[in-house]
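Taking UniProt numbering, the leading residue of the sequence shown gets 1, the next gets one more, and so forth. Idealized CB from N, CA, C, for every residue including glycine. Below you'll find the structure, written out as structure tokens, and then a few comments.
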Amino acid sequence: MKIKFLKASNGDAIYINLLDKNDQPRNILVDGGREATYFDRVRRNGPLKRVIDDIKYRKENIDLLILSHIDNDHIEGFLKWFEQDKKAPDFIKEVWFNSGEAIARYLKKPKNDDLDLFLADGSNVLTGVDEGIEFQKYLEKHNLDRDGIIKAGLEWEGFGLKVNILTPTHKQLENLLEHYQEKTGDIKYTAAGNDWHKNLSDIISEEKNPSFRFRQDRSEKNGSSITLLISYRNKKVLLLADSHPSEVCAALKDFGHSKENAVKVEFMQVSHHGSKANNNKELFELVDTQNYIISTNSSGHGHPHKSVIARIVSKNPKATIYSNYETVANNLLTEQDKADFPQLQVKLISKFQI
Numbered sequence: 001m002k003i004k005f006l007k008a009s010n011g012d013a014i015y016i017n018l019l020d021k022n023d024q025p026r027n028i029l030v031d032g033g034r035e036a037t038y039f040d041r042v043r044r045n046g047p048l049k050r051v052i053d054d055i056k057y058r059k060e061n062i063d064l065l066i067l068s069h070i071d072n073d074h075i076e077g078f079l080k081w082f083e084q085d086k087k088a089p090d091f092i093k094e095v096w097f098n099s100g101e102a103i104a105r106y107l108k109k110p111k112n113d114d115l116d117l118f119l120a121d122g123s124n125v126l127t128g129v130d131e132g133i134e135f136q137k138y139l140e141k142h143n144l145d146r147d148g149i150i151k152a153g154l155e156w157e158g159f160g161l162k163v164n165i166l167t168p169t170h171k172q173l174e175n176l177l178e179h180y181q182e183k184t185g186d187i188k189y190t191a192a193g194n195d196w197h198k199n200l201s202d203i204i205s206e207e208k209n210p211s212f213r214f215r216q217d218r219s220e221k222n223g224s225s226i227t228l229l230i231s232y233r234n235k236k237v238l239l240l241a242d243s244h245p246s247e248v249c250a251a252l253k254d255f256g257h258s259k260e261n262a263v264k265v266e267f268m269q270v271s272h273h274g275s276k277a278n279n280n281k282e283l284f285e286l287v288d289t290q291n292y293i294i295s296t297n298s299s300g301h302g303h304p305h306k307s308v309i310a311r312i313v314s315k316n317p318k319a320t321i322y323s324n325y326e327t328v329a330n331n332l333l334t335e336q337d338k339a340d341f342p343q344l345q346v347k348l349i350s351k352f353q354i
């Protein structure tokens, strides 16, 4: 199985290619990244388009497309693809997406209009499509909508994979439906700078102070992320999208994992591009791995935060941090970090093979 982390600006776009039990090729897409991940404004093909074109060239299908949640940095690439490729539905076999409409049906509560996703309405900056078709309506139109929702506790098997869904929980779906309100003037991730000048040792000392309190992300959208523990040929990987750590930790504990019996994975995709509000110390204690993957170019909110790297290295001073952007891989550590943690590595990655 090859897992490729596409350059998706400050978003996520993951391509999984594998052979099933009958040695037939299978293709899975998890999130679509920013618009330019498919096609940028100077009319250049992005990495998502190149992957899709290659799948078409091989006369294969996208066997499963997963949209983890509705943030722009995860959906824009898909919307741009649907806009430009009218034949896209012809080779998408299954879609996992928790639409506002599906959540309302599941909870038997009124629909939240703020959860409608539009391909475009003429003024939408995401795409230039003239039609105002909701994402879910698009799926329904092409018979790609799923009966039911994807939530914690679901176990799915197919293509030689076993997938355990860790989040969202019932409560997180309820929160999304009842409390989410679209903010006017959607944040377009203007540069906020990063904190990479800080030394890991200083951060570790600060967080050992009894006054330190971890503050978890409060975004209903991020909390609704579909997170995946994928098993393939006796090996596992963990994809966390923008999830909240408390619920991921609770799910891992439900599987019997603990600090002494952590889940062993080939790698974990660090939640929310390495945000300090989405990765607590307990999460890293419940996961046994050498490899931590962070997908972002660091534009916008300056992800990854150095406190996340500090929490990783506190658990595993020999960790390898992988980034899909050179600017992160080359600049994340200070000279003091390299002296204090000589076995810690930060590397550039495009794909991971297991």
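Taking the DSSP output, what are the residues bridged to residue i?
i	result
serine 323	Ile294, Leu348
arginine 26	Leu18
glycine 158	Leu161
asparagine 45	Phe39
isoleucine 62	Ile92
glutamine 336	According to DSSP, which records beta bridges pairwise, glutamine 336 is partnered with nothing at all.
valine 263	Val287
phenylalanine 5	Ile14
glycine 353	It is glutamine, not glycine, that sits at residue 353 in the sequence shown. In DSSP, glutamine 353 forms a bridge with Lys2.
From residue i to residue j, what does the alpha carbon distance come to, in whole angstroms?
i	j	result
valine 328	glycine 300	13 Å
leucine 239	histidine 74	13 Å
asparagine 331	aspartate 217	25 Å
isoleucine 349	lysine 108	44 Å
serine 298	tyrosine 180	26 Å
leucine 18	serine 205	43 Å
tyrosine 15	glutamine 84	20 Å
leucine 333	arginine 146	44 Å
asparagine 22	glycine 160	9 Å
proline 304	leucine 48	23 Å
glutamine 353	proline 110	44 Å
arginine 233	aspartate 113	42 Å
aspartate 254	glutamate 247	10 Å
glutamine 24	asparagine 61	11 Å
glutamate 140	asparagine 72	21 Å
isoleucine 187	histidine 244	At isoleucine 187, the pLDDT of 47 sits below 50, so the modelled position is not reliable; the number obtained from the coordinates is stated separately. Each residue's Cα considered, the two are about 20 Å apart.
proline 317	alanine 36	36 Å
valine 51	proline 210	48 Å
lysine 235	valine 265	7 Å
glutamate 182	lysine 351	34 Å
proline 342	glycine 256	33 Å
aspartate 337	lysine 7	26 Å
threonine 169	phenylalanine 267	23 Å
arginine 58	glutamate 335	46 Å
histidine 142	lysine 56	18 Å
tryptophan 156	lysine 198	42 Å
aspartate 202	lysine 137	51 Å
threonine 127	lysine 87	Only weak support is given to the placement of threonine 127: the predicted model assigns it a pLDDT of 39, under 50, and the question is left unresolved by the model.
Suppose contacts are defined by Cβ-Cβ distances below 8 Å. Is residue i in contact with residue j by that definition?
i	j	result
glycine 148	glycine 77	no
arginine 105	aspartate 63	no
isoleucine 293	tyrosine 325	no
glutamine 290	alanine 250	no
leucine 229	leucine 166	yes
glycine 46	aspartate 54	no
leucine 200	lysine 315	no
asparagine 278	histidine 272	yes
glycine 274	valine 313	no
asparagine 98	isoleucine 66	no
serine 295	aspartate 12	yes
leucine 173	isoleucine 103	yes
isoleucine 226	tryptophan 96	yes
alanine 339	glutamate 207	no
glycine 302	glycine 158	no
serine 9	arginine 44	no
lysine 162	serine 231	yes
The beta strand (DSSP E) that contains residue i, what's its start and end?
i	result
valine 313	From DSSP, valine 313 is part of no beta strand (DSSP E) but of the alpha helix (DSSP H) over 306-315.
isoleucine 230	227-232
glutamine 172	Careful: glutamine 172 lies outside any beta strand (DSSP E), inside the alpha helix (DSSP H) at 170-179.
glutamine 269	267-269
leucine 240	Run containing leucine 240: none; DSSP gives neither H nor E here.
Could you please give the first and the last residue of the uninterrupted alpha helix (DSSP H) stretch that includes residue i?
i	result
leucine 286	Here leucine 286 belongs to no alpha helix (DSSP H), and DSSP marks it neither H nor E.
leucine 252	245-254
leucine 107	100-107
leucine 200	200-208
isoleucine 75	72-84
lysine 221	220-223
My understanding is that residue i touches residue j, with C-beta atoms under 8 Å, so please give their C-beta distance in whole angstroms.
i	j	result
alanine 262	aspartate 288	4 Å
residue 355	isoleucine 70	Nothing can be reported for residue 355, as the shown portion of the chain is limited to 1 through 354.
lysine 259	leucine 283	Contact flag wrong, Cβ pair sits at about 11 Å.
valine 346	isoleucine 3	Valine 346 to isoleucine 3, Cβ: 19 Å. No contact.
aspartate 90	glycine 100	Rounded, the Cβ-Cβ distance is 26 Å, inconsistent with contact.
leucine 176	lysine 221	7 Å
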